[in-house]
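Visitor: Residue numbers (my numbering), protein chains in the order written: chain E, 1 to 350; chain Z, 351 to 856.
Beta carbons: idealized from backbone N, C-alpha and C, even for Gly.
Every value quoted in this text rests on a predicted model; they were computed, and no experiment measured them.
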């Protein structure tokens with residue numbers, strides 16, 4: 001909704017008459033570009049320390065690793081935009097992973113049905129979240145927290161808590177006859193020109209579509225308006241309840257796409273995959289607040305935030321940093337990003 | 351009462367700049383014991399900045415402030431409080447803690463004292479709260495959460511808390527803006543009592559009736575300077591002139607448009623099961639003001655027309671067709687637009703720019719396949735900015751950077767973007783300076799052809815400025831209507847207050 005030109009803090013170049021206003025200060029610059037600069041510096045440092053970091057294949061594998069997190073983060077961005085929150089995205093993705101496995105391996109069905117079942121489930125979970133929040137009047141955090149636990153348990157019920165793999169023994173003693181189709185696995189593993197992973201392309205396309213939707217469409221504008229002042233938006237004639245339910249459906253849908261890509265990469269219905277998805281995606285969306293000084297949930301920022309986290313983790317892994325260092329650094333980055341967004345930025349308001 | 355007491359605060363040569371804005375220029379001011387000083391001025395005149403310097407929010411750039419002869423230089427609001435200067439700010443919710451009870455709010459300073467006891471007993475808090483409300487002779491529901499109280503009660507809590515410190519100087523910023531007549535009367539009585547006890551009171555208000563009732567002395571600020579000082583008997587025309595400079599007097603208009611075709615027909619309309627049913631016609635080209643005391647049902651009536659409430663009984667037709675809206679969305683689709691009271695909470699999205707705030711209800715008209723066309727949107731908003739003389743550097747600045755009057759113009763501009771059949775404005779002049787008020791009134795009248803216009807407005811001075819016809823609401827029913835031509839204020843006032851109880855409306 002906010003066009004990039006007029007930052008309230010920074011006078012636009014096209015205002016020669018406003019010479020009395022303070023100039024574009026170092027602080028403004030840091031608030032606006034700080035995170036992007038740190039990202040660039042980070043890439044250069046990793047590259048100097050470990051030249052293999054910067055080869056095209058590694059860079060694309062960073063993007064591939066990021067794509068699932070990014071999809072979930074994009075979804076949660078929409079719920080953040082309406083001043084809500086969706087804690088169930090991680091388990092929605094896991095649910096989608098298990099459901100696709102179940103459809104193909106145990107029910108012996110094809111790719112298309114598996115994908116459709118996942119998307120439908122994702123949208124339905126989002127719809128339930130939305131209805132619980134809008135009609136049931138449960139606070140968003142609590143409703144989606146409840147949904148998170150519900151899904152974590154639900155996805156394990158059909159298989160009795162076991163992972164789904166080709167030829168697994170079913171509860172009646174027979175072996176599963178189905179398997180992951182090649183077409184489905186290609187969703188997670190195919191590389192265009194033998195270089196660009198398909199999940200990256202899917203994620204980028206989804207990001208661009210969502211960016212246009214949030215920044216350029218009237219629906220996106222209304223979603224942000226609801227986040228800013230729900231009452232005023234309702235009195236301006238918007239069907240606020242429908243918009244809110246739709247926001248959670250978008251979130252659920254994006255999470256289920258993330259789950260499909262994860263399933264296609266892993267190639268089995270692993271009960272433990274996706275456990276860290278929630279926190280990583282939320283971190284990406286929150287880091288996104290600081291990108292270009294947006295100070296609000298925004299699609300471009302979320303994509304950059306996901307890239308930021310992914311680059312950091314990949315680089316640290318290449319440098320053989322222990323796994324616990326990664327969480328530590330992630331936390332550090334998040335705290336600094338939030339400081340950029342809220343601390344520095346708000347102190348200049350008078 | 352007119353006898354000036356000993357000076358408590360002596361301000362000399364005070365200056366304050368914010369960047370290029372010289373907000374307070376060479377201000378000299380004396381605030382005296384046992385006197386109500388009305389500080390007046392249009393929005394942006396420098397009143398707020400002056401007050402913020404006095405209560406320690408901003409440091410002054412130059413100049414001196416003396417209290418009882420000793421120079422002071424407050425670096426925080428706490429220091430000002432310690433020196434006996436207490437302020438009740440206009441935005442009440444900044445001054446109270448919503449989650450705590452009334453008792454806890456009243457005793458908040460006690461609770462927050464760094465040297466206070468580690469554990470607080472509920473009994474001690476309640477006892478302290480009782481003492482504090484006894485100062486005011488209040489009877490507040492001490493056990494209730496603050497968030498359950500109405501605006502007026504919150505205001506009283508904030509004032510009671512300030513008074514519990516036995517202030518030398520009490521600064522009240524627009525204290526009556528959300529009070530009903532009865533509550534305001536109680537506040538006035540209290541202020542008079544404080545004055546008698548020797549407290550110096552600085553009273554900021556746009557409401558002339560408050561000033562008339564209370565002020566011993568009035569100082570008018572304009573463009574950062576103190577322009578004029580008035581003592582009793584106050585010259586109100588002089589005050590208005592000093593506030594708005596040359597602009598007053600332009601407000602004169604041709605009287606009474608009769609109105610054209612009937613747009614809205616309201617029949618046998620009963621708001622509640624017990625209220626008297628009434629009929630009402632609203633005509634094209636006519637500006638109708640609905641007045642009455644707070645609690646008379648004016649807003650409830652508007653809510654029924656805008657789809658946020660349902661009447662008990664009755665029918666509404668617009669252009670002869672039955673009208674019934676179950677939501678604002680349906681009302682807007684049927685051509686009924688409404689700008690609500692309390693623009694900050696009900697109309698504006700704080701994070702949005704002027705442009706995005708203005709076009710919010712009509713995005714559909716500026717978009718194709720859901721994509722908003724920035725050019726169309728800008729053209730529409732730009733037109734309103736020009737027509738309403740909205741002062742803003744561009745339509746892309748955040749709405750919060752505009753003054754209250756200009757924000758209100760944005761709210762009106764929003765609903766003038768598209769044509770409608772009925773435009774309802776609920777208290778459009780709240781917290782708006784006289785200049786902006788005249789701009790808004792003029793624009794409202796200029797655009798009135800082709801629609802019916804209903805303005806809810808308690809202030810009769812404001813009402814007579816814009817109305818062709820004034821309706822009076824009492825006890826949830828429209829009890830009378832008067833053309834502006836040959837209007838008898840006495841009859842109007844009698845009707846508003848109900849026969850025999852004229853005294854409440856002076």
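Just list the beta strand (DSSP E) runs in the region 774-821 of chain Z, keeping only unbroken ones of 3 residues or longer that don't cross its boundaries, in chain order.
Guide: Segments of the beta strand (DSSP E) lying fully in the region 774-821 of chain Z: 802-806.
Visitor: Roughly how many angstroms separate the alpha carbons of residue 516 (chain Z) and residue 492 (chain Z), rounded to a whole number?
Guide: The straight-line gap from Cα to Cα measures roughly 21 Å.
Visitor: Could you tell me which of Z:407, Z:565, Z:680, Z:384 sits nearest to residue 654 (chain Z), measuring between CA atoms?
Guide: Cα-wise, what sits closest to residue 654 (chain Z) is Z:680.
Visitor: So is residue 756 (chain Z) in contact with chain E if we call contact Cβ pairs under 8 Å?
Guide: It does not: the Cβ of residue 756 (chain Z) has no partner Cβ on chain E nearer than 8 Å.
Visitor: Have a look at residue 748 (chain Z) and residue 294 (chain E) and give me their C-alpha separation to the nearest angstrom.
Guide: Cα to Cα, the separation comes out at about 13 Å.
Visitor: For residue 278 (chain E), which residues from the same chain have a beta carbon less than 8 Å from its beta carbon, with the 5 sequence-adjacent residues on both sides left out?
Guide: Cβ within range, chain order: 72, 87, 89, 90, 91, 148.
Visitor: Is the separation between the beta-carbon of residue 299 (chain E) and that of residue 207 (chain E) shorter than 8 Å?
Guide: Closer than 8 Å, so yes.
Visitor: Roughly how many whole angstroms lie between the Cα atoms of residue 365 (chain Z) and residue 399 (chain Z)?
Guide: Approximately 10 Å, taken between the alpha carbons.
Visitor: Can you pull the chain E neighbours of residue 700 (chain Z), defined as C-beta to C-beta under 7 Å?
Guide: Chain E residues near residue 700 (chain Z): 228, 229.
Visitor: Give the C-beta separation of residue 705 (chain Z) and residue 728 (chain Z) to the nearest angstrom, bearing in mind that I take them to be a contact with Cβ-Cβ under 8 Å.
Guide: Confirmed, Cβ separation roughly 7 Å.
Visitor: Enumerate in chain order the residues of its own chain whose CB-to-CB distance from residue 437 (chain Z) is below 6 Å, with the five nearest sequence positions on each side excluded.
Guide: Here the set comprises 405, 521.
Visitor: Going by other Cβ atoms of all chains shown within 10 Å of its Cβ, with 16 needed for buried, is residue 807 (chain Z) buried or exposed?
Guide: Buried, because 16 or more other Cβ atoms sit within 10 Å of the Cβ of residue 807 (chain Z).
Visitor: Which chain E residues are close to residue 722 (chain Z), counting only those with a beta carbon under 7 Å from its beta carbon?
Guide: Neighbours of residue 722 (chain Z) on chain E, chain order: 216, 217, 218, 221.
Visitor: I'd like the span of the alpha helix (DSSP H) that includes residue 259 (chain E), first residue to last.
Guide: Start and end: 240-266.
Visitor: Taking 8 Å as the threshold (C-beta atoms), are residue 575 (chain Z) and residue 377 (chain Z) in contact?
Guide: Contact: yes.
Visitor: Since residue 862 (chain Z) and residue 235 (chain E) should fall inside the 8 Å C-beta cutoff, what is the C-beta to C-beta distance between them, to a whole number of angstroms?
Guide: Missing from the structure shown is residue 862 (chain Z); chain Z here goes from 351 to 856 and no further.
Visitor: For chain E, check one thing: does any of its Cβ atoms lie closer than 8 Å to the Cβ of residue 366 (chain Z)?
Guide: So, not an interface residue.
Visitor: Starting from the C-beta of residue 141 (chain E), find all residues in its chain whose C-beta is less than 7 Å away, skip the five residues before and the five after it, and write them out in chain order.
Guide: Result list for residue 141 (chain E): 85, 87, in chain order.
Visitor: Could you check what DSSP says for residue 330 (chain E) in three-state terms: helix, strand or coil?
Guide: Looking at residue 330 (chain E) - three-state DSSP - the assignment turns out to be helix.
Visitor: Just to make sure I have the definition right: I need the residues of chain Z whose C-beta is within less than 7 Å of the C-beta of residue 296 (chain E). Which are they?
Guide: The contacting residues are 701.
Visitor: Are the Cβ atoms of residue 250 (chain E) and residue 78 (chain E) separated by less than 8 Å?
Guide: In contact: residue 250 (chain E) and residue 78 (chain E) (Cβ atoms closer than 8 Å).
Visitor: Beta-carbon separation of residue 270 (chain E) and residue 100 (chain E) under 8 Å?
Guide: No, they are not a contact pair.
Visitor: Anything in the region 238-263 of chain E with a Cβ closer than 8 Å to a Cβ of chain Z? List those residues in chain order, please.
Guide: Cβ contacts with chain Z come from 238, 239.
Visitor: In whole angstroms, what is the alpha-carbon distance linking residue 599 (chain Z) and residue 660 (chain Z)?
Guide: For residue 599 (chain Z), the predicted model reports a pLDDT of 39, less than 50, meaning its position is unreliable and no value from the coordinates is stated.
Visitor: Provide the residue span of the alpha helix (DSSP H) that contains residue 218 (chain E), from first to last.
Guide: Taken as a continuous stretch (DSSP letters only), the alpha helix (DSSP H) holding residue 218 (chain E) covers 218-228.
Visitor: Going by C-alpha to C-alpha distance, which of E:215, E:191, E:222, E:68 sits closest to residue 57 (chain E)?
Guide: Answer by Cα proximity: E:191.
Visitor: Pick out whichever of Z:546, Z:566, Z:439, Z:611 has its Cα sitting closest to the Cα of residue 504 (chain Z).
Guide: The shortest Cα separation from residue 504 (chain Z) among Z:546, Z:566, Z:439, Z:611 belongs to Z:439.
Visitor: For residue 629 (chain Z) and residue 799 (chain Z), I'd like the C-alpha separation in whole angstroms.
Guide: Distance between the alpha carbons of residue 629 (chain Z) and residue 799 (chain Z): 23 Å.
Visitor: Within this structure, are the beta carbons of residue 687 (chain Z) and residue 773 (chain Z) separated by less than 8 Å?
Guide: Result yes, Cβ atoms of residue 687 (chain Z) and residue 773 (chain Z) sit closer than 8 Å.
Visitor: Answer yes if the region 116-129 of chain E comes into contact with the region 153-167 of chain E, meaning at least three C-beta pairs across the two stretches below 8 Å, and no otherwise.
Guide: These segments do not touch.
Visitor: Just to confirm the assignment, what range does the beta strand (DSSP E) spanning residue 343 (chain Z) have?
Guide: With chain Z represented from 351 up to 856, any question about residue 343 (chain Z) goes unanswered, as that position is not in the structure.
Visitor: Could you check what DSSP says for residue 580 (chain Z) in three-state terms: helix, strand or coil?
Guide: Here residue 580 (chain Z) sits in strand by DSSP.
Visitor: List the endpoints of the continuous beta strand (DSSP E) containing residue 632 (chain Z).
Guide: 628-633 is the extent of the beta strand (DSSP E) around residue 632 (chain Z).
Visitor: Beta carbon of residue 94 (chain E), beta carbon of residue 227 (chain E): below 8 Å?
Guide: Against a cut-off of 8 Å, the Cβ pair of residue 227 (chain E) and residue 94 (chain E) comes out as no contact.
Visitor: Between residue 403 (chain Z) and chain E, is there a C-beta pair that is closer than 8 Å?
Guide: No, residue 403 (chain Z) lies away from the interface with chain E (no Cβ there is under 8 Å from its Cβ).
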